[in-house]
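Inspection log for the structure reproduced underneath, given as structure tokens.
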Amino acid sequence: MEHVVRSLRQAETLVAVARTIFVEAVAALGAAGATLELYTAQGVPLVCATSMPVEETRLASYMRGGHRRDPCLTAVRTSWTTIASLDVDPAGEDELVGPIIGDGALLGALRFAIVTPPTQELRRRLGAICTHVSVRLAELGFSSPLTESFARLTRRQREVVHLTTRGLTTQQMASVLTISPNTVKKHLKLVFARLNVQSRVALAAQSRRFVARVDQLDDLRADGITVRWLAEHDGDPDEPEEEPGTVASDDSPRRPAPPGYSGSHPSGRDAVRQAPGTLGRDRLA
8 MEHVVRSLRQ AETLVAVART IFVEAVAALG AAGATLELYT AQGVPLVCAT
58 SMPVEETRLA SYMRGGHRRD PCLTAVRTSW TTIASLDVDP AGEDELVGPI
108 IGDGALLGAL RFAIVTPPTQ ELRRRLGAIC THVSVRLAEL GFSSPLTESF
158 ARLTRRQREV VHLTTRGLTT QQMASVLTIS PNTVKKHLKL VFARLNVQSR
208 VALAAQSRRF VARVDQLDDL RADGITVRWL AEHDGDPDEP EEEPGTVASD
258 DSPRRPAPPG YSGSHPSGRD AVRQAPGTLG RDRLA
């Protein structure tokens with residue numbers, strides 16, 4: 008665990024934090040893979056990055072409304088503790104989920120497909136990892152849930168916002184993005200309208216805390232990580248899917264996160280079971 012903590016402390020971007028999660032934290036927990044989720048202020052998944060074999064269409068379905076009937080996510084929002092899928096779904100015994108806390112709210116969650124029974128030691132390790140991730144993200148400026156407005160920016164618009172926070176001129180942005188200056192101005196106009204800002208200075212002030220780092224998660228694709236963003240064509244993320252049995256979970260409670268997990272639990276099985284109940288598998292259907 009020491010090398011995981013050390014790597015998190017040395018991470019200077021969200022991408023570096025994510026790489027630590029997908030490589031070192033996965034190894035420390037003996038997991039088969041991991042998923043990093045970040046949420047909007049309304050509790051909707053803004054971005055899901057996973058090292059598990061999941062089609063982006065299934066990720067899109069999960070982000071559009073499937074998260075509302077995710078028992079593990081509901082349990083984490085309620086308890087703010089690490090949980091095993093068997094705690095809320097007896098049919099699933101292969102997933103550990105832990106909260107990422109930011110500014111007294113649920114900023115995101117980490118999921119690990121475990122290959123050993125979900126012992127108390129595994130829960131303790133995941134709880135420690137989540138704590139260090141939460142602290143590091145707060146130090147990097149991720150101290151509150153992301154807003155719905157930022158969630159609706161396109162990838163190109165996020166790139167323009169990122170370059171704006173770095174102080175690039177229109178001509179410089181056009182050169183970096185290999186588009187025309189007029190196209191840059193068009194993107195900026197749309198961003199200004201969507202975020203309700205009137206100038207580049209106001210845009211930079213509003214977005215500097217997290218957008219300049221969040222948009223770079225796309226870089227993880229080069230590492231074989233699937234990255235899916237909430238997009239406009241995904242539909243209204245606040246509109247529950249019209250499906251029998253769907254329950255819309257409440258927004259995350261605004262209270263301090265409890266100090267670690269101290270509950271007991273039944274023992275699980277010795278290996279990952281291909282069954283409903285995991286984010287990287289049937290839960291996304």
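The numbering used here puts the first residue of the sequence shown at 8, with every later residue one more than the last.
Quick reminder that beta carbons are idealized off the backbone N, C-alpha and C, glycines included.
Nothing here was measured: the structure is a model prediction, and the numbers come from that model.
For Leu197, which residues in the same chain have their Cβ closer than 8 Å to its Cβ, ignoring the five residues on either side in sequence? Only Gln164 meet the Cβ criterion.
Residues near Arg207 in its chain [Cβ-Cβ closer than 7 Å; skip 5 each side]: Same-chain partners within the cutoff: Thr171.
DSSP state of Thr47 mapped onto helix, strand, coil: Residue state, collapsed to three classes: strand.
CA-CA distance, Ala145 and Ala18? Rounded to the nearest whole angstrom, the C-alpha separation of Ala145 and Ala18 is 12 Å.
Between which two residues does the alpha helix (DSSP H) harbouring Gly134 extend? Segment 127-146, the alpha helix (DSSP H) holding Gly134.
Could you say which of Thr57, Asp77, Asp226, Ser68 lies nearest to Arg162 if we only look at CA atoms? A check of alpha carbon separations from Arg162 across Thr57, Asp77, Asp226, Ser68 identifies Asp226 as the nearest.
To which residues does DSSP link Thr123 through a beta bridge? DSSP lists no partner for Thr123.
Would you list the one or two residues that DSSP bridges to Thr42? DSSP lists Thr57, Arg118 as the beta-bridge partner residues of Thr42.
Endpoints, beta strand (DSSP E) assigned at Leu103: Counting along the chain, the beta strand (DSSP E) containing Leu103 begins and ends at 102-109.
According to DSSP, what are the bridge partners of Ala112? According to DSSP, which records beta bridges pairwise, Ala112 is partnered with Gly109.
Unbroken beta strand (DSSP E) runs of length 3 or more, entirely within the stretch 173-223: which are they? Complete beta strand (DSSP E) runs here, min 3: none at all.
Kindly indicate which residue of Asp101, Leu93, Ile107, Gly72 has the alpha-carbon position closest to the one of Arg84. Among Asp101, Leu93, Ile107, Gly72, the Cα nearest to that of Arg84 belongs to Ile107.
For Ile121 and Ala25, the rounded distance between their alpha carbons: If I take the Cα positions, the gap works out to 18 Å.
What residues are listed by DSSP as bridge partners for Trp295? Absent from the model: residue 295. The displayed extent of the chain is 8 to 292, so no value can be given.
Between Glu128, Asn189, His169, which has its C-alpha nearest Gln178's C-alpha? Answer by Cα proximity: Asn189.
Going straight from the alpha carbon of Phe149 to that of Pro78, what length do you get? Whole-angstrom Cα-Cα distance: 26 Å.
Residues near Gly174 in its chain [Cβ-Cβ closer than 8 Å; skip 5 each side]: Annotation for Gly174: Ala211 place their beta carbon closer than 8 Å to its own, counting only its chain and skipping 5 residues before and after.
Taking CB distances under 9 Å as the criterion, tell me whether Ala91 reaches chain D. In the structure shown, chain D cannot be found, because there is only a single protein chain.
For Asp230, which residues in the same chain have their Cβ closer than 8 Å to its Cβ, ignoring the five residues on either side in sequence? Within the same chain, Asp230 has close Cβ partners Arg26, Phe29.
What does DSSP give as the partner residues of Ile90 in its beta bridges? According to DSSP, Ile90 bridges with Val104.
For Leu15, which option in Leu36, Arg235, Thr138 has the closest C-alpha, if you only look at C-alpha atoms? Here the closest residue by C-alpha is Thr138.
Status (buried if at least 16 other CB within 10 Å, exposed otherwise) for Gly115: With 16 or more other Cβ atoms within 10 Å, it is buried.
Need the endpoints of the alpha helix (DSSP H) that Val33 sits in, please. Counting along the chain, Val33 sits inside the alpha helix (DSSP H) bounded by residues 33-36.
Considering only the alpha carbon of each residue, which of Gly72, Glu31, Arg13 lies closest to Leu53? Nearest of Gly72, Glu31, Arg13 to Leu53, Cα basis: Gly72.
Distance, Pro124 Cα to Pro97 Cα: Taking the straight line from one Cα to the other gives about 13 Å.
To the nearest angstrom, report how far apart Ala48 and Thr233 are at their CA atoms. When rounded, the distance between both Cα atoms is 23 Å.
On a Cα-Cα basis, can you pick out the residue from Leu113, Leu103, Leu129 that is closest to Phe119? Considering only alpha carbons, the answer is Leu103.
Under 9 Å between C-beta atoms of Leu160 and Arg201: With respect to the 9 Å criterion, Leu160 and Arg201 are classified as neighbours on the basis of their beta carbons.
By Cβ distance, which residues of its chain are closer than 7 Å to Leu195, with the 5 residues on each side in sequence left out? Non-local C-beta neighbours of Leu195 in its own chain, meaning closer than 7 Å and more than five positions away in sequence, comprise Val167, ordered along the chain.
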